[in-house]
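Below: the structure, in structure tokens.
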Amino acid sequence: MNAMIYERYGGPEVLHPREVETPVPGDDEILIRIHAATVTSGDCRLRSMNVPPGFRLMSRAMFGLTKPRRQILGTELAGVVESAGANVRRYCAGDRVFAFPDSTMGTYAEYKAMPEDGPVAHIPGDIPFETAAALSFGGTTALHFLRKAKLREGETVLVNGASGGVGSAAIQIARHMGAEVTAVCSAANAELVRSLGAAHVIDYATEDFTAGARRYDVIVDTAGTAPFARSKHALAENGRLCLVLAGMPQLLAAPLQSMSGGRKVIAGVATGTAEDLEYLADLAEAGSFTPFIDRRFPFDGIPDAHRHVETGRKRGNVVITMHPDD
Ligand SMILES: NC(=O)c1ccc[n+]([C@@H]2O[C@H](COP(=O)([O-])OP(=O)(O)OC[C@H]3O[C@@H](n4cnc5c(N)ncnc54)[C@H](OP(=O)(O)O)[C@@H]3O)[C@@H](O)[C@H]2O)c1
């Protein structure tokens with residue numbers, strides 16, 4: 085099969101197409117023919133090894149010390165089950181599915197094998213492959229942090245970095261959970277975040293949300309510009325700060341910071357399970373969560389997609405369309 089591989093860490097130019105062996109599904113696995121994948125901020129980090137402070141050694145130990153251990157990047161996919169192993173019961177050939185291999189990666193390719201009981205779910209209704217492919221990365225991350233924050237109906241949430249992949253999902257999921265959402269983004273993205281459900285919008289270039297009188301029950305920082313020292317002024321009593329982007333020093337400080345003043349700091353790596361994917365699929369079917377697609381690239385355009393994502397200014401999600409005719 086055709087795959088976009090990388091054999092060394094570096095800029096987008098390290099990505100190049102290569103014929104590789106098509107995976108053979110085991111007895112408990114399905115083989116998925118990929119119709120759409122995404123390029124996420126996470127993909128760019130793993131390609132370049134530009135990771136948050138304090139994570140470099142750990143990341144290289146996990147993904148390859150001097151060169152990538154797994155050569156095919158890509159954490160999300162949507163496609164059609166091509167074949168199913170002998171023990172598989174939930175899926176059969178022809179089923180439309182989406183999956184989130186996450187850090188095991190491998191979606192910049194024509195096919196991907198996934199365990200039946202792994203992070204895979206049916207695509208509900210007639211949701212397009214491109215939309216389904218973009219449900220997981222932002223969706224599971226937002227879900228993970230909002231659940232850790234124990235967000236309750238009627239609470240107020242501020243999302244910093246609201247127009248990105250995680251932020252645009254966090255707005256919609258927090259809204260679904262019954263919260264009132266304030267979005268912090270550049271002026272150019274104000275209309276977008278309002279359309280996703282933000283009741284209030286703050287342009288970070290002209291207004292500092294921590295300097296105002298408003299207090300928030302939950303603050304979700306995806307941009308890395310709202311650490312505890314800054315955000316504590318805007319946190320309500322018993323407020324929770326979710327540091328989606330946090331370096332090791334912030335991660336280590338979080339338990340200590342949580343011990344003062346009734347506030348809580350939540351940091352760490354988000355996880356996504358099959359149940360989470362089903363939850364997100366239900367939200368998508370109900371129209372409560374629709375991943376916003378910024379740009380689409382063909383398979384050969386994956387290096388250009390990386391260049392775009394790496395600007396740090398993408399809006400929502402960037403999708404790779406494997407079969408433009410589908
Ligand atoms: N902890 C975890 O498990 C986990 C999981 C997923 C992602 N992450 C991390 O979370 C971060 C965000 O991921 P993403 O995929 O959402 O990134 P993204 O799609 O690239 O979005 C980044 C957003 O940040 C906004 N931004 C830039 N400067 C800003 C500022 N000064 N104030 C407020 N917003 C600003 C940009 O919006 P404007 O153009 O409007 O400025 C952009 O939309 C990444 O660093 C990623 O590595 C962590």
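Each residue of the sequence shown is one higher than the one before, counting from 85 in our numbering. Note that the Cβ used here is the ideal one computed from N, Cα and C, for glycine as well. Please read all numbers here as calculations on a predicted model, not as lab measurements.
query = From this set, Ala318, Gly158, Arg154, Ala267, which residue's C-alpha is nearest Cys128's C-alpha?
reply = By one-based count along the sequence shown, residue 128 stands at place 44. When each option's Cα is compared against that of Cys128, the closest is Gly158.
query = When we look at the beta-carbon of Ser413 and count the other beta-carbons within 10 Å, is it buried (16 or more) or exposed?
reply = Residue 413 falls outside the range modelled here, since the chain spans only 85 to 410, and no answer is possible.
message = As a quick check of your reading: which residues have a C-beta less than 6 Å from at least one non-hydrogen atom of ligand 1, in chain order?
response = Thr124, Ser125, Gly126, Arg129, Thr225, Asn244, Gly245, Ser247, Gly248, Gly249, Val250, Gly251, Val268, Cys269, Ser270, Asn273, Tyr288, Thr306, Ala307, Thr309, Val328, Leu329, Val353, Ala354, Gly396, Arg397, Lys398
task = Check whether the Cβ atoms of Thr306 and Val250 lie closer than 8 Å to each other.
result = In the sequence shown, counting from the first residue as 1, residue 306 sits at position 222. In the sequence shown, counting from the first residue as 1, residue 250 sits at position 166. Result yes, Cβ atoms of Thr306 and Val250 sit closer than 8 Å.
task = Within its chain, find whatever has a CB closer than 8 Å to the CB of Phe139; leave out the 5 residues flanking it on each side and keep chain order.
result = To locate residue 139, count along the sequence shown from 1; it is residue 55. Non-local C-beta neighbours of Phe139 in its own chain, meaning closer than 8 Å and more than five positions away in sequence, comprise Gly331, Met332, ordered along the chain.
query = Out of Ala313, Gly371, Ser167, Val268, which has the shortest C-alpha to C-alpha gap to Val349?
reply = Counted from its first residue, the sequence shown places residue 349 at position 265. Ranking Ala313, Gly371, Ser167, Val268 by Cα distance to Val349 puts Ala313 first.
request  = Within its chain, find whatever has a CB closer than 7 Å to the CB of His407; leave out the 5 residues flanking it on each side and keep chain order.
outcome  = On the sequence shown, residue 407 is found 323 positions in, with the first residue counted as 1. Closer than 7 Å at the Cβ level, and outside the excluded window around His407, lie His119.
query = Measuring CB to CB, does Ala263 end up less than 8 Å from Val241?
reply = Indexing the sequence shown from 1 puts residue 263 at position 179. Indexing the sequence shown from 1 puts residue 241 at position 157. Contact: yes.
Extent of the continuous beta strand (DSSP E) run through Ile286 = Here residue 286 refers to the residue found at position 202 of the sequence shown. That run of the beta strand (DSSP E) goes 284–287.
task = Taking all protein chains shown into account, decide if Glu394 is buried (16 or more other Cβ within 10 angstroms of its Cβ) or exposed.
result = As a first step, residue 394 must be located in the sequence shown, where it is residue number 310. That one is buried.
ask   = Touching or not, the segment 359–368 and the segment 210–222, by the rule of three or more beta carbon pairs under 8 Å?
value = yes
query = Looking at the unbroken beta strand (DSSP E) that takes in Glu194, where does it start and where does it end?
reply = Here residue 194 refers to the residue found at position 110 when the sequence shown is read from its first residue. Glu194 -> no beta strand (DSSP E), and no H or E assigned at all.
request  = Take Tyr175 as the anchor and find which of Ala318, Gly163, Gly323 has the nearest alpha-carbon.
outcome  = Stepping through the sequence shown from its first residue, residue 175 is reached at position 91. With distances taken between Cα atoms, Tyr175 lies closest to Gly163.
task = For Leu242, name the three-state secondary structure that DSSP assigns.
result = As a first step, residue 242 must be located in the sequence shown, where it is residue number 158. DSSP places Leu242 in strand when its eight states are reduced to three.
ask   = Going straight from the alpha carbon of Pro137 to that of Leu130, what length do you get?
value = Along the sequence shown, one-based indexing puts residue 137 at 53. Along the sequence shown, one-based indexing puts residue 130 at 46. Taking the straight line joining both Cα atoms gives about 14 Å.
query = In whole angstroms, what separates the C-alpha of Arg399 from that of Asp292?
reply = On the sequence shown, position 315 is the one that residue 399 refers to. On the sequence shown, position 208 is the one that residue 292 refers to. Taken atom to atom, the span from the alpha-carbon of Arg399 to that of Asp292 is near 21 Å.
task = Over the uninterrupted beta strand (DSSP E) stretch that includes Ala267, give me the two end residues.
result = Residue 267 sits at position 183 when you count from the first residue of the sequence shown. Residues 264–269.
ask   = How would you call Arg92, buried or exposed, if buried means at least 16 neighbouring beta carbons within 10 angstroms?
value = Translated into positions along the sequence shown, residue 92 becomes position 8. Exposed, by the Cβ-count rule.
query = If you drop the 5 nearest sequence neighbours on each side, which residues of the same chain put their C-beta closer than 6 Å to that of Val302?
reply = As a first step, residue 302 must be located in the sequence shown, where it is residue number 218. The answer, listed in chain order, is Ala233, Leu235, Val241, Arg324.
request  = In the DSSP assignment, find the unbroken beta strand (DSSP E) run with His351 in it and report its ends.
outcome  = Taking the first residue of the sequence shown as position 1, residue 351 is located at position 267. According to the sequence displayed, residue 351 carries Ala and not His. Residues 348–351.
inquiry  = Measuring straight from C-alpha to C-alpha, what distance separates Met146 and Phe184?
reply    = The residue labelled residue 146 in the question sits at position 62 within the sequence shown. The residue labelled residue 184 in the question sits at position 100 within the sequence shown. Rounded to the nearest angstrom, the two C-alpha atoms are 18 Å apart.
request  = Per DSSP, which residues does Asp366 bridge with? Please list them.
outcome  = Taking the sequence shown and counting its residues from 1, the one referred to as residue 366 is at position 282. Answer is none; Asp366 lacks a bridge partner.
task = Examine the Cβ distances between the segment 100–110 and the segment 191–201 and report whether three or more of them are shorter than 8 Å.
result = yes
key: Pro203 - containing alpha helix (DSSP H), residue span   = Indexing the sequence shown from 1 puts residue 203 at position 119. If you look at Pro203, you'll find it isn't in any alpha helix (DSSP H); DSSP assigns it neither H nor E.
task = Tell me where the beta strand (DSSP E) around Glu416 begins and ends.
result = Residue numbering for the chain in the displayed model covers 85 to 410; residue 416 lies beyond these limits and cannot be assessed.
request  = Going by CA-CA distance only, name the one from Glu97, Ile116, Gly94, Val123 that's closest to Pro382.
outcome  = Looking up residue 382 in the sequence shown gives position 298. It is Val123 whose Cα lies nearest to the Cα of Pro382.
ask   = Since Val181 contacts Ile116 with CB under 8 Å, what's their CB separation in whole angstroms?
value = Counted from its first residue, the sequence shown places residue 181 at position 97. Counted from its first residue, the sequence shown places residue 116 at position 32. With a Cβ gap of about 6 Å, Val181 and Ile116 count as contacting.
task = Helix, strand or coil for His260, going by three-state DSSP, please let me know.
result = For the purposes of this step, residue 260 is taken as residue 176 along the sequence shown, with counting starting at 1. It is helical.
For Tyr300: DSSP bridge partner residues = On the sequence shown, position 216 is the one that residue 300 refers to. Answer is Leu319, bridged to Tyr300.
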